[in-house]
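Numbering (full-length UniProt numbering), first residue to last: 1 to 832.
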């Protein structure tokens, strides 16, 4: 079928669903940027069916009335509202109907275990939100207090998998309901579609369901003096990664993230710092642990400032101590003094705490050890200091390898994400983003060098176990290993170009060595997600196993134990015909970093800095990339530049291209500025002319009335509305006699109250309006002076030729001025 995705963002769910459906259907994607955009996408793609994997806006009526449109709602049938997962993780078990009463109970009552199950629904779009006919639903078990279970982790894991299962079932049911092959909006669903889950054929097991409103960030706030560590953790994790819990726990309002419970088994005494309102247990890896009323603690790993009216975009999300130091809430001395180090032996802590890196060893019968290195970095981003932390773990592994008990293999296990490469939020928040980018990419290259040089030099096999999504430098990190194992449900995005980067991490060696030159170029240029099975077909991945969680871990460890048996494998197959000498590695690194330096500092750098800014600060894109919106590519021949995204163009790497683009942007910027200035001047001139015309009309009106009044006085006739002057006001006042200056003109200061009556005799201006020495006949039209017409200014007013000529003159002047400005300055230095 022809399938159109309408998405608010092409996120982890829509990418997984795209990979699943594109095996059997033609899938094209449109970002729901506006109602007009969605309508035009439907007109261009002419879909058989529309699917909305992640949509936060309403589908236009003209679409869902003419095309069967399926909405994926992250809640079971009967649940409705925009914050379904948030309410579940906050602790709402469905036992209370009213939402306000739920919030009160969660704040004041005893903590309940929460729901045991949750689900997702595939429903048909109708006018009422989340209320259409149900085509499928699925459910899964849930423990809302599972360590590390944030909203984003729940969404990427069981929610996404259930959505895939239910969507495939819904499509099959839609096809079965339309034997003619034509899918219409009048197809009928069956009662069991809503009643029974597709995976276990059981009704929903998680309790009563309700329509819940938006759960606002401020409604997740907490009070450590009366909320337990469990309650605080739930309130933080239910908003992670968006929007966060808006809290004043650090004084000023900040969005806080993390929410990892610490059992405080060491019984550390809470510390009161001068700049902090809560007491803390310590700092670790740029996170801060706040003490709670139950004697435990909760780790805040990241913070983000609130966006104010003057902020053009969202603030970056940064490590907690980094953000608190920037705001002056804590000092570097505080962090050094109360640093809480992780276990010295690099083992996973036996109690709940915050630990980013740990090492687990398996020992075989011959006393050979396999080191499983876990690195669970927030959102998979590896900042400079986190890379250093991982290198310390590598050094520890090397130090443990002895002749009597050698380390035979190092397995990179990653975390909730495997890795997404450099930490863009930290870079965006840095004083000098270009320099921080440079430090970060160099340090992650150091990590990869251990995999290509340090471990192999000690005869240690390197294995990457990709159990979570990976992108850019994270894929290259895995590819550098001898063996790559992946779970079949992960999503891989190997390309760098979408972010405006050439890339490093020795990918010029690993991608080409594994996939060949052609396929390496293809995965770097396509900038579309690939599945582990697709990656296996081109050599990027060696083995793919089913399952998630503990089941996948068992597959991985069992297979690694087999591979490490004597005589099975000693080196990655892809390395056998590749020169991996120190000199070759050094040349590859120098080449890649040379290109990256151009991305950070040269005239090519705006492509990276602007894309990083937009990604981190969640700017709304102007259009859907054509590599996703295939329906907008036009003809089948996509060789034309008009059918390609900028990132797909050959000249995207070319410095001259970016220099020319910078000059054009600068020209447009200067021209726009000059046009605005000229328009403002013209507008001001028009306003002044209008004021002068009004004044002139007023003067003419006053003069006419004065003449008529004077003529009437001379003739002894009273004009209606104008009385003869009182005896105490003498004639000379009207004819230029003595007068006093007031706020509005010249008049007898003793008779200011008469001003409205006598305003026809004078004009409120800086000088007195006196009668002319001669007066024509009363009421004569000759008393009127024709006003100056604006059409008469500057020449003949007939036709439009003069206006056109004037506009051409202005355009030439602007272009000349812009050209002079562009010639005076380096254009790339002016691009913000």
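Beta carbons are placed, not taken as given, at the ideal position from N, Cα and C, and that holds for glycine.
Owing to the predicted nature of the structure, the values given are computational and were not obtained by experimental measurement.
- [ ] May I ask you to report which of helix, strand or coil DSSP gives residue 341?
- [x] Along the chain shown, one-based indexing puts residue 341 at 341. Coil.
Open item on the list: Since residue 320 and residue 288 should fall inside the 8 Å C-beta cutoff, what is the C-beta to C-beta distance between them, to a whole number of angstroms?
Closed with: Taking the first residue of the chain shown as position 1, residue 320 is located at position 320. Taking the first residue of the chain shown as position 1, residue 288 is located at position 288. Yes, residue 320 and residue 288 are in contact; Cβ-Cβ is about 5 Å, under 8 Å.
Task: First and last residue of the uninterrupted alpha helix (DSSP H) at residue 388 - done: On the chain shown, residue 388 is found 388 positions in, with the first residue counted as 1. Looking at the DSSP string, the run of the alpha helix (DSSP H) that includes residue 388 is 384-400.
TODO: Can you tell me which of the three DSSP states residue 445 falls into?
DONE: Against the chain shown, residue 445 aligns to sequence position 445. Note: residue 445 maps to helix in three-state DSSP.
- [ ] Pick out whichever of 59, 551, 347 has its Cα sitting closest to the Cα of residue 34.
- [x] Within the chain shown, the letter at position 34 stands for residue 34. If we check each option's Cα against that of residue 34, 59 comes out closest.
- [ ] Would you kindly work out how many angstroms separate the C-alpha atoms of residue 457 and residue 571, rounded to a whole number?
- [x] Counting from one through the chain shown, the residue named residue 457 turns up at place 457. Counting from one through the chain shown, the residue named residue 571 turns up at place 571. Spanning the two alpha carbons is a distance of roughly 12 Å.
TODO: Quick one: grab the DSSP three-state call for residue 17.
DONE: The sequence position of residue 17 within the chain shown is 17, counting from 1. Reduced to three states, the DSSP call for residue 17 is helix.
Task: Three-way DSSP call (helix, strand, coil) for residue 3 in this model - done: In the chain shown, residue 3 corresponds to position 3, counting from 1. In the displayed model, residue 3 falls within a strand according to three-state DSSP.
Task: Inter-residue Cα distance where the pair is residue 79 and residue 542 - done: The count along the chain shown starts at 1 and reaches residue 79 at position 79. The count along the chain shown starts at 1 and reaches residue 542 at position 542. Cα to Cα, the separation comes out at about 42 Å.
TODO: Buried or exposed for residue 313, please, with buried defined as at least 16 other CB atoms from any protein chain shown within 10 angstroms of its CB.
DONE: Position 313 of the chain shown, counting from 1, holds the residue named residue 313. The residue is exposed, with fewer than 16 neighbouring Cβ atoms inside 10 Å.
Open item on the list: Taking only three categories from DSSP, how would you classify residue 812?
Closed with: Taking the chain shown and counting its residues from 1, one reaches residue 812 at position 812. In the structure shown, residue 812 sits in a helix (DSSP, three-state: H, G or I).
- [ ] To the nearest angstrom, report how far apart residue 855 and residue 574 are at their CA atoms.
- [x] Residue 855 falls outside the range modelled here, since the chain spans only 1 to 832, and no answer is possible.
TODO: Check whether the Cβ of residue 306 lies closer than 8 Å to any Cβ atom in chain C.
DONE: Looking for chain C here will not work: only one protein chain is present.
Task: Inter-residue CB distance, residue 459 and residue 420 (contact presumed, cutoff 8 Å) - done: As a first step, residue 459 must be located in the chain shown, where it is residue number 459. As a first step, residue 420 must be located in the chain shown, where it is residue number 420. Contact between residue 459 and residue 420 fails: their C-beta atoms lie close to 31 Å from each other, not under 8 Å.
Task: Backbone secondary structure at residue 245 - three-state DSSP - done: Taking the first residue of the chain shown as position 1, residue 245 is located at position 245. In this structure, residue 245 counts as strand in the three-state DSSP scheme.
Open item on the list: Spatial neighbours of residue 145 within its chain, please: C-beta separation below 7 Å, excluding the five flanking residues on both sides.
Closed with: Within the chain shown, the letter at position 145 stands for residue 145. Spatial neighbours of residue 145 in its own chain (CB-CB distance under 7 Å, excluding positions within 5 residues in sequence) are listed in chain order as 230.
- [ ] Count the CB pairs spanning the region 646-656 and the region 493-503 that are closer than 8 Å, and state whether there are at least three.
- [x] yes
Task: Complete beta strand (DSSP E) runs within the region 207-278 (minimum length 3 residues, chain order) - done: DSSP runs (the beta strand (DSSP E)) wholly in the region 207-278: 245-247, 254-262.
- [ ] Kindly indicate the opening and closing residues of the alpha helix (DSSP H) around residue 160.
- [x] Position 160 of the chain shown, counted from the start, is the residue given in the question as residue 160. Its alpha helix (DSSP H) spans residues 160-176.
- [ ] Look at the alpha carbon of residue 525 and the alpha carbon of residue 377, and state the distance between them as a whole number of angstroms.
- [x] As a working note, residue 525 is residue 525 in the chain shown. As a working note, residue 377 is residue 377 in the chain shown. Rounded to the nearest angstrom, the two C-alpha atoms are 27 Å apart.
Task: Every unbroken alpha helix (DSSP H) inside the region 66-96 [4 residues or more] - done: 84-90
TODO: Determine, using beta carbons only, whether residue 338 and residue 271 come nearer to each other than 8 Å.
DONE: As a working note, residue 338 is residue 338 in the chain shown. As a working note, residue 271 is residue 271 in the chain shown. Yes; because the gap between Cβ atoms is below 8 Å, this pair is in contact.
- [ ] Can you check the region 96-158 for any alpha helix (DSSP H) of at least 4 residues that lies completely inside it and give the ranges in chain order?
- [x] 99-108, 151-154
Task: Residue of 681, 123, 308, 345 minimising C-alpha distance to residue 69 - done: One-based indexing of the chain shown puts residue 69 at position 69. Ranking 681, 123, 308, 345 by Cα distance to residue 69 puts 123 first.
Open item on the list: Using DSSP's beta-bridge definition, name the partner residues of residue 304.
Closed with: Here the question's residue 304 lines up with position 304 in the chain shown. Looking at the DSSP assignment, residue 304 forms a beta bridge with 255.
TODO: Reducing DSSP to helix, strand and coil, say where residue 329 ends up.
DONE: Residue mapping note: residue 329 aligns to position 329 of the chain shown, counting from 1. Coil, per DSSP.
- [ ] Please work out which residues of its chain come closer than 8 Å, Cβ to Cβ, to residue 548, disregarding the five sequence neighbours upstream and downstream, and give them in chain order.
- [x] In the chain shown, counting from the first residue as 1, residue 548 sits at position 548. Exclusion of the five residues before and after residue 548 leaves 157, 161, 467, 487, 489 as the residues of its chain whose Cβ lies within less than 8 Å of its Cβ.
TODO: Output the distance between the C-alpha atoms of residue 91 and residue 208, rounded to the nearest integer angstrom.
DONE: If you number the chain shown from 1, residue 91 lands on position 91. If you number the chain shown from 1, residue 208 lands on position 208. Their Cα atoms are separated by approximately 13 Å.
Open item on the list: Tell me the DSSP secondary structure of residue 27 in three-state form.
Closed with: On the chain shown, position 27 is the one that residue 27 refers to. Residue 27 falls in the strand class under three-state DSSP.
Open item on the list: Please list the terminal residues of the continuous beta strand (DSSP E) segment that includes residue 282.
Closed with: By one-based count along the chain shown, residue 282 stands at place 282. Segment 280-284, the beta strand (DSSP E) holding residue 282.
TODO: Rounded to whole angstroms, what's the CA-CA distance from residue 3 to residue 26? Just pull it up for me.
DONE: Working through the chain shown from its first residue, we reach residue 3 at position 3. Working through the chain shown from its first residue, we reach residue 26 at position 26. Using only the alpha carbons, I get a separation of about 6 Å.
Open item on the list: Could you tell me which whole beta strand (DSSP E) segments of length 3 or greater appear in the region 412-498?
Closed with: 461-466, 483-487
Task: Own chain residues within Cβ distance below 6 Å of residue 150, not counting five before or after - done: As a first step, residue 150 must be located in the chain shown, where it is residue number 150. Excluding sequence neighbours, residue 150 sits near 237, 240.
- [ ] Take the Cβ of residue 680 as the centre, count every other Cβ of all protein chains shown within 10 Å, and call the residue buried at 16 or more, exposed below.
- [x] Numbered from 1 along the chain shown, position 680 holds the residue referred to as residue 680. When all chains shown are included, residue 680 counts as exposed.
- [ ] Closer than 8 Å by C-beta to residue 14: which residues in its own chain qualify, once you throw out the five before and the five after it? Chain order, please.
- [x] In the chain shown, residue 14 corresponds to position 14, counting from 1. 5, 7, 29, 53, 54.
Task: Cα-Cα separation, residue 568 to residue 561 - done: Taking the first residue of the chain shown as 1, we reach residue 568 at position 568. Taking the first residue of the chain shown as 1, we reach residue 561 at position 561. Using only the alpha carbons, I get a separation of about 10 Å.
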